[in-house]
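Scroll down for the structure; my scribbles are underneath it.
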Amino acid sequence: MMTAVFPGSFDPVTVGHMDLIVRSAGMFDRLVLGVLINPVKLPLFSLEERVEMLSQLTEDMANVSVRSFEGLLADFVAKEKAGVIVRGLRTPQDFEYELPLAQANHRLNQNADTVFLATAPEYSFISSSGVKEIYRFGGDIRGMVPELVFEKLHKD
Ligand code: PNS
Numbered sequence: 109m110m111t112a113v114f115p116g117s118f119d120p121v122t123v124g125h126m127d128l129i130v131r132s133a134g135m136f137d138r139l140v141l142g143v144l145i146n147p148v149k150l151p152l153f154s155l156e157e158r159v160e161m162l163s164q165l166t167e168d169m170a171n172v173s174v175r176s177f178e179g180l181l182a183d184f185v186a187k188e189k190a191g192v193i194v195r196g197l198r199t200p201q202d203f204e205y206e207l208p209l210a211q212a213n214h215r216l217n218q219n220a221d222t223v224f225l226a227t228a229p230e231y232s233f234i235s236s237s238g239v240k241e242i243y244r245f246g247g248d249i250r251g252m253v254p255e256l257v258f259e260k261l262h263k264d
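Numbered per our numbering, the sequence shown spans residues 109 to 264.
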C-alpha cells in the first residue's frame, strides 16, 4: 500500500491544487493532504478553515484524508508511513525552489521520495500568493479557486 503526502499551505486552495489532488489520488492508494502554517506568509484563512474546506472539497474522494501538521515535513511523512511527497511544478523557478527541498527531505527521511507533477498549463499562472494578492486588492478570482472557496470569501 503506497501512501503519498501532498503538503502545502493551501491558503487558499486553488483550482491548480485541486487538479493535482485528483491526479495524485489516482496514482496512490492513500493520499494525505498535509496542511501547515507557513510563518513567512500572511494568512487569509486559519489552519482550521483550510482543513475544513479541503475536507469538504475531497469528501467524495475515498482515499484522500486531510491533516494539519507542524514541524518538519519529513517527520510528518514518517508519521503517516508515506513513501512519497507530491509537489506541483508550474514553472522552472518552482523546480529551482523545490529541488533542494526534495533533496533535504530525502536526507531527513530516506523512506520518502518527492514526485513532481507538472501543473496543467491552464493553471500554471495560478498561485495561492497571487490569488491572495488579487483578492486583497479587490480583483476577480473566480475560476482560480474552487467555488466553495470563492463563496466563503464573498459571503459578507
Ligand atoms: O504551499 P507551500 O507554502 O509552498 O508549502 C511549503 C511546504 C509546506 C512544502 C514547506 O514549507 C514545508 O515543507 N514546510 C515544513 C517545514 C520543513 O520541513 N522544512 C524543511 C524543508 S527541507
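We treat Cβ as the ideally placed atom computed from N, Cα and C, and that holds for glycine.
Identify every run of the alpha helix (DSSP H) within the stretch 124-206, keeping only runs that are complete inside it and at least 4 residues long; order them along the chain. 155-165, 181-187
Rounded to whole angstroms, what is the Cα-Cα separation between Val143 and Glu259? Along the sequence shown, read from residue 1 onward, the residue named residue 143 stands at position 35. Along the sequence shown, read from residue 1 onward, the residue named residue 259 stands at position 151. Whole-angstrom Cα-Cα distance: 21 Å.
Measure the beta-carbon distance from Ala190 to Val140 and round it to whole angstroms, keeping in mind my assumption that it falls under 8 Å. Taking the first residue of the sequence shown as 1, we reach residue 190 at position 82. Taking the first residue of the sequence shown as 1, we reach residue 140 at position 32. Yes, they are in contact, since the Cβ atoms of Ala190 and Val140 sit about 6 Å apart, within 8 Å.
Cβ-heavy atom distance between Gly116 and the ligand PNS below 7 Å? For this step, residue 116 is matched to residue 8 along the sequence shown. Yes, the ligand PNS has a heavy atom inside 7 Å of this Cβ.
Where Pro120 sits in the DSSP three-state scheme: Here residue 120 refers to the residue found at position 12 when the sequence shown is read from its first residue. In the structure shown, Pro120 sits in coil (DSSP, three-state: anything other than H, G, I, E or B).
Spatially closest choice to Pro200 from Thr227, Ala186, Val194, by CA coordinates: Residue numbering aside, residue 200 sits at position 92 when the sequence shown is read from its first letter. The option with the nearest alpha carbon to Pro200 is Thr227.
So the candidates are Ser117, Asn146, Gly247; which of them puts its Cα closest to the Cα of Val174? Here residue 174 is taken as the residue at index 66 of the sequence shown, counted from 1. Of Ser117, Asn146, Gly247, the residue nearest in Cα terms is Ser117.
Taking the alpha-carbon of Ser235 as reference, which of Ser176, Ser163, Gly196, Glu156 has the nearest alpha-carbon? Counting from 1 along the sequence shown, the entry for residue 235 is found at position 127. Out of Ser176, Ser163, Gly196, Glu156, Gly196 has the C-alpha closest to the C-alpha of Ser235.
Near the ligand PNS: Asn146 beta-carbon under 7 Å from a heavy atom: Start at 1 with the first residue of the sequence shown, and residue 146 comes out as number 38. Under cutoff, so the answer is yes.
Between the CA atoms of Glu241 and Val192 - distance to the nearest angstrom: Against the sequence shown, residue 192 aligns to sequence position 84. Against the sequence shown, residue 241 aligns to sequence position 133. Cα to Cα, Val192 sits roughly 31 Å from Glu241.
Thr111 versus Val172, Ile145, Gln218, residue with shortest Cα-Cα distance: Walking along the sequence shown from the start, residue 111 turns up at place 3. It is Val172.
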